[in-house]
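Enquirer: In UniProt numbering, the protein residues as written are 1 to 90.
Below you will find the structure I want to go over with you.
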């Protein structure tokens with residue numbers, strides 16, 4: 001599960017850099033924020049904790065950090081690929 005989060009965090013900025021003109025480094029930093037927001041919605045809105053059990057708030061930080069681990073290098077790779085594609089001489 002952790003490797004999947006890191007891999008998706010890596011691939012999102014790369015895909016954004018190749019498919020759009022949006023800066024991949026910004027996407028690499030925005031992706032963990034989006035993951036944290038979606039995790040918070042799940043933890044506080046969808047998941048039903050057991051009787052006397054607190055919501056698993058640590059999951060928000062956990063998933064966001066691992067998305068950041070993949071997102072920053074992915075943003076750098078996406079930026080390099082976007083830069084190479086736009087500066088190609090014809």
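Virtual Cβ for every residue (Gly too), placed ideally from N, Cα, C.
These numbers come from a predicted model, not from an experiment.
Could you check the C-alpha separation between residue 21 and residue 30 for me, to the nearest Å?
Expert: Using only the alpha carbons, I get a separation of about 15 Å.
Enquirer: Beta-carbon separation of residue 17 and residue 69 under 9 Å?
Expert: No. Outside cutoff.
Enquirer: Provide the residue span of the alpha helix (DSSP H) that contains residue 44, from first to last.
Expert: Unbroken run through residue 44: none, as it is neither H nor E.
Enquirer: Counting C-beta neighbours from all protein chains within 10 Å, is the total for residue 66 16 or more, i.e. buried, or is it exposed?
Expert: Its Cβ being crowded by 16 or more others within 10 Å, residue 66 is buried.
Enquirer: CB-CB under 7 Å to residue 73, same chain, minus the five flanking residues each way: which ones, in chain order?
Expert: So the list reads 10, once near-sequence residues are dropped.
Enquirer: Could you check which residue in 32, 2, 19 and 46 has the C-alpha nearest to that of residue 85?
Expert: Considering only alpha carbons, the answer is 19.
Enquirer: How long is the line joining the alpha carbons of residue 53 and residue 59, rounded to whole angstroms?
Expert: Distance between the alpha carbons of residue 53 and residue 59: 15 Å.
Enquirer: Can you tell me where the alpha helix (DSSP H) holding residue 73 begins and where it ends?
Expert: That run of the alpha helix (DSSP H) goes 58 to 86.
Enquirer: When DSSP labels each residue in this structure, what does residue 17 get in the three-state scheme?
Expert: Three-state result, residue 17: helix.
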